[in-house]
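**Student:** Encoded as structure tokens, here's the structure I'll be asking about.
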Amino acid sequence: MKRTHSKVQKTQSGSKQMKITSLFSRIPSESSKTITEYNDKNESCTTPNSKSFTSPLSSPDVIPPSPVLKKNKVTKSKKCLNRVLINDIKLKEKEAISNTDTVSSFPKENLSSTAKSTEKRDFDNHDVDSQPYSFDTVSLSIESSSTEFSTDFFLDCDINFIEPQRCIVKKIEKDFGKICLTLTSCKSYEEDVCYLSGIWLHSLFEKGDIVTVMAKKLNGNWSVNNDHGFVTRHSDFLVSGTTIVGSLFCSRRSILADIYKGLDCSSAVMVIGTLLHELLQTVLRRKQFNHKDIKAIVDEMINSPGFVHTLYESDMSFETTKKELMDFIPKIQAFIKTYLVGYKIGKEKKTWQGEIVSIEDIEDNLWVPAFGVKGKVDITVRANYDGLSKIMPIELKTGRASGSEEHRGQVLLYTMMMNELGMDVDSGLLLYLRENVLTQVKVSHREKRDLIMLRNRLVHYLNANKMVSNPIDDYFPTLPEPINHHNACSKCPYLTACSAVLSKEGFEKLDHHNLLKKLGPQAISHLKSEHINYVMEWTAFLILENSIENTKDNLCAKSSDLWTLSFFEREKRGNCISLLKIKNVVKEPRNRYYLNTMEKSDKSVQIKFTNFSVDNYVIVSTRHRNAVATGFISSISEKSIDVLLDRDLSKLGPNEFHIDKYESQSIIAFNFSSLALLLEPSENSAQLRRFIIDKELPSFLSSDNHLNSFIESSGLTLNLNSSQKSAIIKTLAANNYALIKGMPGTGKTSTVATLIQLLVLMGRSVLVTSHTHSAVDNLLLLLHKNKIDFLRLGSKNRIHPDLWEKCDEVVSQRCDTPEKLSKLYNQANIVGVTCLGCGHALLRKRTFDVCIVDEATQVVQSSVIAALYSSKMFVLVGDPQQLPPLIKNKKAKELGMDVSMFERLDRPSVTAILPVQYRMNGPIAELANKYTYNGSLQCANNTVKYATLKLNKTKVDDDWCKDIVSSDLNKSVLLLDTGTVNSSSSDTNLIEINFIRKIVLLLIQGGLLAKSIGVIAPYRAQVALLKNEMASIHSEIEVNTVDQYQGRDKEVIIYSCTKNTVAKDVGILNDKRRITVAITRAKHKLIMIGDVTTMKNYETFNSLFSHITNIIKLPQI
46 MKRTHSKVQK
56 TQSGSKQMKI
66 TSLFSRIPSE
76 SSKTITEYND
86 KNESCTTPNS
96 KSFTSPLSSP
106 DVIPPSPVLK
116 KNKVTKSKKC
126 LNRVLINDIK
136 LKEKEAISNT
146 DTVSSFPKEN
156 LSSTAKSTEK
166 RDFDNHDVDS
176 QPYSFDTVSL
186 SIESSSTEFS
196 TDFFLDCDIN
206 FIEPQRCIVK
216 KIEKDFGKIC
226 LTLTSCKSYE
236 EDVCYLSGIW
246 LHSLFEKGDI
256 VTVMAKKLNG
266 NWSVNNDHGF
276 VTRHSDFLVS
286 GTTIVGSLFC
296 SRRSILADIY
306 KGLDCSSAVM
316 VIGTLLHELL
326 QTVLRRKQFN
336 HKDIKAIVDE
346 MINSPGFVHT
356 LYESDMSFET
366 TKKELMDFIP
376 KIQAFIKTYL
386 VGYKIGKEKK
396 TWQGEIVSIE
406 DIEDNLWVPA
416 FGVKGKVDIT
426 VRANYDGLSK
436 IMPIELKTGR
446 ASGSEEHRGQ
456 VLLYTMMMNE
466 LGMDVDSGLL
476 LYLRENVLTQ
486 VKVSHREKRD
496 LIMLRNRLVH
506 YLNANKMVSN
516 PIDDYFPTLP
526 EPINHHNACS
536 KCPYLTACSA
546 VLSKEGFEKL
556 DHHNLLKKLG
566 PQAISHLKSE
576 HINYVMEWTA
586 FLILENSIEN
596 TKDNLCAKSS
606 DLWTLSFFER
616 EKRGNCISLL
626 KIKNVVKEPR
636 NRYYLNTMEK
646 SDKSVQIKFT
656 NFSVDNYVIV
666 STRHRNAVAT
676 GFISSISEKS
686 IDVLLDRDLS
696 KLGPNEFHID
706 KYESQSIIAF
716 NFSSLALLLE
726 PSENSAQLRR
736 FIIDKELPSF
746 LSSDNHLNSF
756 IESSGLTLNL
766 NSSQKSAIIK
776 TLAANNYALI
786 KGMPGTGKTS
796 TVATLIQLLV
806 LMGRSVLVTS
816 HTHSAVDNLL
826 LLLHKNKIDF
836 LRLGSKNRIH
846 PDLWEKCDEV
856 VSQRCDTPEK
866 LSKLYNQANI
876 VGVTCLGCGH
886 ALLRKRTFDV
896 CIVDEATQVV
906 QSSVIAALYS
916 SKMFVLVGDP
926 QQLPPLIKNK
936 KAKELGMDVS
946 MFERLDRPSV
956 TAILPVQYRM
966 NGPIAELANK
976 YTYNGSLQCA
986 NNTVKYATLK
996 LNKTKVDDDW
1006 CKDIVSSDLN
1016 KSVLLLDTGT
1026 VNSSSSDTNL
1036 IEINFIRKIV
1046 LLLIQGGLLA
1056 KSIGVIAPYR
1066 AQVALLKNEM
1076 ASIHSEIEVN
1086 TVDQYQGRDK
1096 EVIIYSCTKN
1106 TVAKDVGILN
1116 DKRRITVAIT
1126 RAKHKLIMIG
1136 DVTTMKNYET
1146 FNSLFSHITN
1156 IIKLPQI
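Residue 887 in my numbering is what sits at position 842 of the sequence shown, and the numbering runs on without skipping anything.
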């Protein structure tokens, strides 16, 4: 883990951090009992005895010495976790048991025995741990209590829980001192029961939960108690080890950090820690241990392309950073001389009596579903100690040797994970490099148990926050109770977000001693309730959109597919490329990454990469282990795939690899952190809240006479029409923001390019952004053509080759200090970057005069906030009748997530309209007007209006082909009816492909250039088949989905309807805006082909077809 010591080591002055072995060490006697209550509907629900509850937001309590550590000293902590879990049960009771099937009804005879205990009482405010019960006596009393369960629990089943088993919870019964889970194996589908007792009584389960269980047979029954076994709830949900141990101090912050990722930007201390990790790992990997060699590695690091950018982002000095790295060279050597066999000199003082024999791995990636945990081990070594030779993980820390429970917890987790993966590991090492302190950390069952329970507690909240119920207006994240620590809370980067949620929870529920009762309202005093509601609503939208587990879209892969589906099934779904072998590995020059080139093990088999593209985030697995590495695709073809990873896969020996595609967490993190910008007390945030949330109307200059004269004198608008000039004048007169609505073919891009040039002439800096790289590049290419200078941010692989000389990756190579890089960035008057690239450090450090968002109607509101935040005023350009933001989640879409910022702010007084189009001839424009634009779309002139397809005379055999090659203006729009098509797939249509092939051949035979033909299909599967077919005709025939054609046009567009069956829920076919884009891409001829009868079942197509007169019945094939 690239982390230094925790910024907050203590919970209170003089009190130490909570000990892992004390987390669940004491339970009051009442907590060993469970009572069954009945609600008004006679549906059973189960809660712990009410005496176990504290107030909802409790004050600190005392944690006794851990019975595991056998210490006499009593340490204090913020809160005892077993008490917190009890509070959680009370606070979240309705959510936890909202499904009435979650807990089974007890026999009536059991109900009578508990009826007297159902009266709830407030907790008496005594410390949970002040009661005179030892850990062992509590465990004994719990395990020995007699329990009566319904007879159907005793089943003749044989799931072997000696090894961890992934199961589904089928039934839950609770009684005094025990929980009985009926479980069905996800692998064998066998059913069995397992009894939970001891501290596991405070675990929350629901019917349908995926759990992993390891248990021991006691008296013929599977048992999990204090001393053996564990249950991992929602085990497919992998939580990082760092997140788990980080919650020891404040679990509320851990949940907020998981939601609003990126708010706690890297500090200088964190960056130094990361660099020192890299330095030590490189030294050990290369076995270069003398001062000269280590210095050479430091020099290599500081001369790497990313080093100066890192310093710029963190406001760090080159010389200071270099000195810090150089100062650690003796410390690295001291570690090596003390512990590394073959290099030890025996003079250094040892804090661990073992020795390191070899370096086995660096940054080993661990995914362990059995525990629901993932992480990366800094260094994996083979070591000798106590007469043994074992594999050991090393967790590296570069701060002071605090020996904190957070640090120990990380080592414990890695040791557990490696052991579970089959490695010979029973302990790990914690290295404090600064002081050369190396400590062995051994794992006991109780520490393992408590870490799993800590992880389960986090997942209870993380999973709860994936569920969004109606009404969405009232949504706020489900969070643990806040701590009571003024210093930590006042400096916490999540204070505003935390307080915003508290305002929804109710500040009055806080204990009167809690400092957040005063600090919280102060932290959000600059916000209205509407501001908080907007942020919470969009938090809910993003959670819905990113919760892909509940979708049926096979293209939305989830991480659990790796261990629940075979590579064959994953490849069939289009998310995996399997059975690859390493062809070549090249160390990337001047950086730490490796370019791994892979090819199919069977070279005769081609790589199917329909759903893969450059820069996709991927996970690499072997046959025997999941997620051995993660990285990004650098290039891909039918023969090979290049993946940029932080490790050399050839070092893993002869292996077959599988590559799975998943959404990068960086995109999700960007959206959430951008959204959180609206909560800041800054001037930029205040302005965005006024205009975006409050919808305050922008102001404009009272007179634009001087603008008219300025524009005329510039000579830049000579080729613009009156509506384009009016749009520019309105935008230049805006003080806050303006919108430009550009209908299809109206010269939107050239208008915006002219606007940018005028802004630069006025001395203003401009940020140019859009949802896609191609949209940004289209604008910048026009500027480049006119010799206008600019800087293009983003990955060179995604940028148009003609713009590489303007790419940050190229021009910044001459900057060898952060000061030079800063100068380069600040001198650029025009900067281009995608909306998702606006997390770049340049935008955090600089405010532009104007931000222009092209194709703004395609951008999700949260994705555009960061760009708008970095400017004084903004211009949104788009057409709400064309492609909306792409939303996969049906519920999020229905609730309004696909409403773009353009649509939200679009009003007559704000928006300039471009109605004059230069693309479509009269018949095609007329179809667009009737279907979408209500007659407002105008042809620029007669040349445009009467333009038609001109082909050489071509002999045709079939009558239906005559209209295809006809130059008759009235034949510009054709609908070809295939009739009923029998197909095994609803997303592909071979009949249509055969007809399209014939149409394309006729057009090319008539003299039409292949690059002037475009083919569109609604489904990627049909697109893939069409691409293969068209490639056999000519490589320049472009085939794509509607989304990829936005902003593009061709002389001839052929649209394959594809669908041959009627489905109730077909979003893309029911989206009128997508169909509008499809029909407005054609200049001279639009040909639609499909089963007309079937397609008329979709209202969007029924309406469209009603405006088409040229319907041709095709012959049956």
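Note that the Cβ used here is the ideal one computed from N, Cα and C, for glycine as well.
(1) Identify the residues that DSSP records as bridge partners of Asp705: which are they?
(2) State buried or exposed for Asp518, treating a residue as buried only when at least 16 other CB atoms are found within 10 Å of its CB.
(3) On the criterion of 16 or more Cβ atoms from any shown chain inside 10 Å, does His576 qualify as buried, or is it exposed?
(4) I need the straight-line Cα distance from Glu1074 to Tyr639, nearest angstrom please.
(5) Taking a contact to mean a Cβ-Cβ separation below 8 Å, would you say Leu478 touches Glu440 in this structure?
(6) Sort out for me which residues DSSP pairs Arg211 with in a bridge.
(7) Ends of the beta strand (DSSP E) at Ile1134?
(8) What are the start and end residues of the alpha helix (DSSP H) that includes Asn871?
(9) Say whether the region 786-794 touches the region 854-866, bearing in mind that this needs 3 or more beta-carbon pairs closer than 8 Å, one atom from each stretch.
(10) Out of Lys653, Thr1154, Cys231, point me to the one whose CA is closest to Thr609's CA.
(11) Opposite Lys1117 in the DSSP bridges: which residues?
(12) With DSSP as the reference, identify every bridge partner of Ala674, one or two as the case may be.
(13) Quick check on the burial criterion: 16 or more other C-beta atoms within 10 angstroms. Buried or exposed for Ser1012?
(14) Would you list, in sequence order, the uninterrupted alpha helix (DSSP H) runs of no fewer than 4 residues that lie entirely inside the region 817-904?
(15) Tell me whether Asn170 sits in a helix, a strand or coil according to DSSP, three-state version.
(16) If you drop the 5 nearest sequence neighbours on each side, which residues of the same chain put their C-beta closer than 7 Å to that of Val797?
(17) Give me the Cα-Cα distance between Ile622 and Ser611, rounded to the nearest whole angstrom.
(18) Quick one: what does DSSP say Leu689 is sitting in, helix, strand or coil?
(19) May I ask you to list the residues that DSSP assigns as paired with Met643?
(20) For Asn595, does the count of other Cβ atoms within 10 angstroms reach 16, so buried, or fall short, so exposed?
(21) Please identify the residue among Leu806, Gly1112, Ile1061 whose C-alpha is closest to the C-alpha of Gln1089.
(22) With 16 other CB atoms within 10 Å as the buried threshold, where does Pro1160 fall?
(23) If we count Cβ pairs, one from each stretch, closer than 8 Å, do we get three or more for the region 506-518 versus the region 692-712?
(24) Since Ile785 and Ala957 are thought to touch, with beta carbons under 8 Å apart, how far apart are those beta carbons, to the nearest angstrom?
(25) Using a threshold of 8 Å, state whether the C-beta atoms of Gly286 and Tyr459 are closer than that.
(26) What's the C-alpha gap between His322 and Asp423?
(27) Do the region 649-658 and the region 741-750 touch if we need at least three Cβ pairs shorter than 8 Å?
(28) Tell me which residues share the same chain as Ser795 and place their Cβ nearer than 7 Å to its Cβ, disregarding the 5 neighbours each side in the sequence.
(29) Quick check: the Cα distance between Asn671 and Thr1138, rounded to an integer number of angstroms?
(30) Have a look at Gly327 and Phe334 and give me their C-alpha separation to the nearest angstrom.
(31) Mind checking who Ala778 pairs with in its DSSP beta bridge?
(32) Using DSSP with H/G/I as helix, E/B as strand and the rest coil, what is Met918?
(33) Is it true that the CB of Met463 sits closer than 8 Å to the CB of Ile497?
(34) Using only CA atoms, which one of His845, Gln903, Ser548, Ile1009 lies nearest to Ala568?
(35) Since Ile910 contacts Leu723 with CB under 8 Å, what's their CB separation in whole angstroms?
(36) Can you round the beta-carbon distance between Lys1104 and Ser1030 to whole angstroms, since I take them to be within the 8 Å contact cut?
**Tutor:** Let's see:
(1) Per DSSP, Cys621, Ile664.
(2) Asp518 counts as exposed, since fewer than 16 other beta carbons sit within 10 angstroms of its beta carbon.
(3) When all chains shown are included, His576 counts as buried.
(4) Between Glu1074 and Tyr639, the C-alpha separation is close to 36 Å.
(5) Contact flag unset, no.
(6) DSSP, once it has assigned bridges, lists Thr257 as partnering Arg211.
(7) For Ile1134, the uninterrupted beta strand (DSSP E) segment begins and ends at 1127-1135.
(8) Counting along the chain, the unbroken alpha helix (DSSP H) around Asn871 starts and ends at 863-872.
(9) In short, these stretches do not touch, since the Cβ pair count stays below three.
(10) Out of Lys653, Thr1154, Cys231, Cys231 has the C-alpha closest to the C-alpha of Thr609.
(11) Per DSSP, Lys1117 has no beta-bridge partner at all.
(12) Beta bridge pairing from DSSP links Ala674 with Val665.
(13) So Ser1012 counts as exposed.
(14) Annotation: the region 817-904 contains the following complete segments of the alpha helix (DSSP H) (minimum length 4 residues), in chain order: 818-830, 853-856, 863-872, 886-890.
(15) Unreliable positioning characterises Asn170 in this predicted model, as indicated by a pLDDT of 33, which lies under 50. The coordinate reading is nonetheless provided below. Coil, per DSSP.
(16) Listed in chain order, the non-local C-beta contacts of Val797 below 7 Å within the same chain comprise Leu824, Ile897, Asp899, Val922, local neighbours out to five positions each way being set aside.
(17) One C-alpha to the other measures close to 12 Å.
(18) Note: Leu689 maps to strand in three-state DSSP.
(19) Note: Met643 sits in a beta bridge opposite Ile627, Ile686.
(20) Residue placement at Asn595 is flagged as unreliable, the pLDDT there being 44, under the threshold of 50; the coordinate-derived value follows with that caveat. Residue environment for Asn595: exposed (fewer than 16 other C-beta atoms within 10 angstroms of its C-beta).
(21) Across the set Leu806, Gly1112, Ile1061, the C-alpha of Ile1061 shows the shortest separation from the C-alpha of Gln1089.
(22) Counting Cβ neighbours within 10 Å, Pro1160 comes out exposed, since fewer than 16 surround it.
(23) Contact between the region 506-518 and the region 692-712 is absent: fewer than three C-beta pairs spanning the two stretches fall below 8 Å.
(24) For Ile785 against Ala957, the beta-carbon gap comes to about 5 Å, under 8 Å, which counts as contact.
(25) By the CB criterion at 8 Å, Gly286 and Tyr459 fall inside the cutoff.
(26) Rounded to whole angstroms, His322 to Asp423 spans 8 Å at the Cα level.
(27) Short answer: they don't touch.
(28) The beta carbon of Ser795 sits closer than 7 Å to those of Leu827, all from its chain and outside the five residues before and after it, given in chain order.
(29) About 48 Å.
(30) Per the sequence shown, the amino acid found at residue 327 is Thr instead of Gly. As the crow flies, the alpha-carbon of Thr327 is around 10 Å from that of Phe334.
(31) Bridge partners of Ala778 according to DSSP: none are assigned.
(32) Looking at Met918 - three-state DSSP - the assignment turns out to be strand.
(33) In terms of Cβ geometry, Ile497 and Met463 do not form a close pair [threshold 8 Å].
(34) Nearest C-alpha to Ala568: Ser548.
(35) Yes, Ile910 and Leu723 are in contact; Cβ-Cβ is about 7 Å, under 8 Å.
(36) Contact flag wrong, Cβ pair sits at about 10 Å.
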